[in-house]
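Numbering (UniProt numbering), first residue to last: 1 to 271. What follows is a short report on a single structure.
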C-alpha cells in the first residue's frame, strides 16, 4: 500500500525501518512498557490483532527469558516470527478459543495485548463504533483466556462512549489506566487502556453484550481518567525532510483486504 508523503517523513516510520521493526507501532508498546514494566513479569502473553507482528517483536525482545510463551493471532496471514506462535484466526470465534486452549495445555495468559484497528472510513462515528467493538471483542477473549490477576492493554478511541468503556474495564479489573505514548500522533484520538488485576469471571460468552447499560452524567464523572503521556522522543507530527533511502520492509502484508482496491486504481491509472 502506498504511503502518504507525510508518513514517509515520519520519524518513527523511518526508525522502524532502521531497527527492523515490522511497523512503527512497535514504539507505542515500547514506550508504554517503559512506564509500567509489565512484559518482563509475564510468563504467557497473548497478542491479538497482531499483524504484521511489531508488538510481538517487542514482547520477544523485552521478555524476561526464552521460556515466555508468546501467541500472536490475526485474521490476516502473518510472516513467521522466531519465538512466537502465529495463528490465523477470528478472535470472535469459539474455534479461536479452542485453538488457544490446545496450545496452552490448561495454562492461561498473564498479559493480553491488542493494537488492532480497522481501516478508517472517514466517518468518525462509524470508526469509533468499530474500534470499540474490536476492543471489547479482545476484552471478551481475555476474560476467557487470562489468569485471575492478569493484565490487558488495548487500543481505544476517545469517543462519546469513552466513559462506558472505562466503566466496563473497572467491572473486570482492579485498576484501570490510560496511556498516550509520544509516538502516537497528537491529532489521533487513539489512546491505550490498561487493566491490571483481572477479577474472577465465570461463563463469559464471546457474544456477551458488554454495552448493555446506561450512564447518567453524575455517574460518568466517576469514570473520568487522566490520560498519562509516556515515552521520550521526537514529536511524530514533525516531519523530517532528509533524503536518506530506507530499505523496503521484508514483512509487507501477505494478502491485505485492500489489495483488490489497489489493483483497481492501478488499472484505472493505466487506461
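A virtual CB, placed ideally from N, CA and C, is assigned to each residue, including glycine.
Buried or exposed (CB count within 10 angstroms, at least 16 for buried), residue 148: Numbered from 1 along the chain shown, position 148 holds the residue referred to as residue 148. Per the 10 Å Cβ criterion, exposed.
Pick from 198, 23, 103 that is closest to residue 70, judged by C-alpha positions: Taking the first residue of the chain shown as 1, we reach residue 70 at position 70. Cα-wise, what sits closest to residue 70 is 103.
CB contact flag (residue 152, residue 170, <8 Å): Start at 1 with the first residue of the chain shown, and residue 152 comes out as number 152. Start at 1 with the first residue of the chain shown, and residue 170 comes out as number 170. No. Outside cutoff.
Under 8 Å between C-beta atoms of residue 180 and residue 117: Looking up residue 180 in the chain shown gives position 180. Looking up residue 117 in the chain shown gives position 117. For residue 180 and residue 117, no; Cβs fall outside 8 Å.
The segment 196-215 in contact with the segment 47-66 per 3-pair CB rule at 8 Å: Taking a cut-off of 8 Å on C-beta distances, the segment 196-215 does not touch the segment 47-66, as fewer than three cross pairs fall below it.
Close Cβ partners of residue 135 (< 6 Å) along its chain, the five nearest in sequence each way excluded: The residue you call residue 135 lines up with position 135 of the chain shown. 154, 156.
N-terminal and C-terminal residue of the alpha helix (DSSP H) that residue 269 is part of: By one-based count along the chain shown, residue 269 stands at place 269. Where residue 269 is concerned, the enclosing alpha helix (DSSP H) stretches over 259-269.
Start-to-end residues for the alpha helix (DSSP H) that takes in residue 12: By one-based count along the chain shown, residue 12 stands at place 12. Here the alpha helix (DSSP H) through residue 12 covers 11-18.
CB contact flag (residue 43, residue 110, <8 Å): Here residue 43 refers to the residue found at position 43 when the chain shown is read from its first residue. Here residue 110 refers to the residue found at position 110 when the chain shown is read from its first residue. Cβ distance < 8 Å, so residue 43 and residue 110 count as in contact.
Three-state class that DSSP yields for residue 58 in the structure shown: As a first step, residue 58 is located in the chain shown; it is residue number 58 there, counting from the start. The answer is helix: DSSP assigns residue 58 an H, G or I state.
Three-state secondary structure assigned by DSSP to residue 102: Stepping through the chain shown from its first residue, residue 102 is reached at position 102. If DSSP states are grouped into helix, strand and coil, residue 102 belongs with the helices.
Under 8 Å between C-beta atoms of residue 194 and residue 91: Mapped onto the chain shown, residue 194 falls at position 194. Mapped onto the chain shown, residue 91 falls at position 91. No, Cβ-Cβ distance for residue 194 and residue 91 is not below 8 Å.
For residue 254, the three-state DSSP class (helix, strand or coil): The residue given as residue 254 occupies position 254 in the chain shown. Three-state DSSP puts residue 254 in coil, outside helix and strand.
Proximity of residue 89 and residue 254 at Cβ, strictly below 8 Å: Taking the chain shown and counting its residues from 1, one reaches residue 89 at position 89. Taking the chain shown and counting its residues from 1, one reaches residue 254 at position 254. The answer is no: Cβ separation not under 8 Å.
Exposure of residue 265, with buried meaning 16 or more beta-carbon neighbours within 10 Å: Start at 1 with the first residue of the chain shown, and residue 265 comes out as number 265. Residue 265 comes out exposed.
Those residues which DSSP pairs with residue 89 across a bridge: In the chain shown, counting from the first residue as 1, residue 89 sits at position 89. According to DSSP, residue 89 bridges with nothing at all.
Buried or exposed (CB count within 10 angstroms, at least 16 for buried), residue 95: Mapped onto the chain shown, residue 95 falls at position 95. Residue 95 should be labelled exposed.
Alpha-carbon spacing of residue 166 relative to residue 223, whole angstroms: As a working note, residue 166 is residue 166 in the chain shown. As a working note, residue 223 is residue 223 in the chain shown. Computed Cα separation, rounded: 6 Å.
Presumed contact (8 Å Cβ cut-off) between residue 56 and residue 30, rounded CB distance: On the chain shown, position 56 is the one that residue 56 refers to. On the chain shown, position 30 is the one that residue 30 refers to. With a Cβ gap of about 13 Å, residue 56 and residue 30 do not count as contacting.
Rounded straight-line distance, which links the Cα of residue 269 to that of residue 201: In the chain shown, counting from the first residue as 1, residue 201 sits at position 201. In the chain shown, counting from the first residue as 1, residue 269 sits at position 269. For residue 201 and residue 269, the distance between alpha carbons rounds to 54 Å.
Spatial distance of residue 97 from residue 141 (CA atoms): Taking the chain shown and counting its residues from 1, one reaches residue 97 at position 97. Taking the chain shown and counting its residues from 1, one reaches residue 141 at position 141. The straight-line gap from Cα to Cα measures roughly 8 Å.
DSSP three-state assignment for residue 159, whether helix, strand or coil: Translated into positions along the chain shown, residue 159 becomes position 159. Residue state, collapsed to three classes: coil.
Classification of residue 262 by the beta-carbon crowding that lies within 10 angstroms, buried from 16 upward: Indexing the chain shown from 1 puts residue 262 at position 262. That one is exposed.
Residue 152 in three-state terms, based on DSSP: Counted from its first residue, the chain shown places residue 152 at position 152. Three-state result, residue 152: strand.
CA nearest to the CA of residue 160, picked from 146, 175, 187, 132: The residue given as residue 160 occupies position 160 in the chain shown. Nearest to residue 160 by alpha-carbon distance, out of 146, 175, 187, 132, is 132.
Whole-Å CB distance - residue 185 paired with residue 234, under 8 Å assumed: Here residue 185 refers to the residue found at position 185 when the chain shown is read from its first residue. Here residue 234 refers to the residue found at position 234 when the chain shown is read from its first residue. No, residue 185 and residue 234 are not in contact; Cβ-Cβ is about 12 Å, not under 8 Å.
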